[in-house]
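J.: Just passing along the structure, written as structure tokens.
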Amino acid sequence: LSFFYSNAIALISPSLMEGFGLPVLEAMSLKCLVIASDIPAFREIAENEILYFNPKDTGNISEKLKDVIENESKYKKERLDKAFEKTKKFSWERSAEETLKIYESCFSLWQGKQMGRGGKSTFGVAQSFSGGRFIYLGL
Numbered sequence: 457l458s459f460f461y462s463n464a465i466a467l468i469s470p471s472l473m474e475g476f477g478l479p480v481l482e483a484m485s486l487k488c489l490v491i492a493s494d495i496p497a498f499r500e501i502a503e504n505e506i507l508y509f510n511p512k513d514t515g516n517i518s519e520k521l522k523d524v525i526e527n528e529s530k531y532k533k534e535r536l537d538k539a540f541e542k543t544k545k546f547s548w549e550r551s552a553e554e555t556l557k558i559y560e561s562c563f564s565l566w567q568g569k570q571m572g573r574g575g576k577s578t579f580g581v582a583q584s585f586s587g588g589r590f591i592y593l594g595l
């Protein structure tokens with residue numbers, strides 16, 4: 457994918473709804489200009505470092521694309537470095553750590569309910585030799 461991002465004028469993402477918007481983040485991390493729907497998921501990831509359009513207005517999408525084609529170097533100069541810097545706050549390691557915290561919290565609550573009823577449960581986090589984490593459950 458890096459070849460395509462590196463050689464594209466821009467990534468265009470006309471989604472009406474996204475859970476996270478990984479392609480937008482990937483493009484930003486490879487310094488590819490992004491033109492995307494003005495939806496909360498993209499705003500959360502990129503804030504003001506990408507260009508937005510109304511995904512339900514084809515005229516607005518056309519105007520934005522034409523503007524980017526005519527002013528590509530201006531937009532790239534203004535936004536690519538800032539967008540790239542934004543990507544540094546995201547990582548798979550951080551995502552895994554945050555997800556693990558949620559699992560630990562949920563299972564602690566569940567385990568407390570089970571123990572209150574006299575039930576047994578085992579839950580733990582094991583450290584692997586490579587430094588990764590694994591969750592094991594014995595319910």
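The numbering used here numbers the first residue of the sequence shown as 457 and each following residue consecutively. Quick reminder that beta carbons are idealized off the backbone N, C-alpha and C, glycines included. Keep in mind it's a predicted model, so treat the numbers as computed, not measured.
#1: Is the stretch 535 to 548 touching the stretch 483 to 494 in the sense that three or more CB pairs, one from each, lie closer than 8 Å?
#2: Quick one: grab the DSSP three-state call for LEU486.
#3: If you draw a straight line from the alpha carbon of SER584 to that of SER564, how long is it in whole angstroms?
#4: Would you kindly check if the distance between the Cβ of ILE558 and the Cβ of VAL524 is under 7 Å?
#5: Using 7 Å as the threshold, is the C-beta distance between SER493 and SER518 below it?
#6: What did DSSP end up calling LEU467 once you bin it into helix, strand or coil?
T.: Let's see:
#1: yes
#2: coil
#3: Legend: pLDDT at SER584 = 42, less than 50; position of this residue unreliable, no value from coordinates given.
#4: no
#5: no
#6: strand
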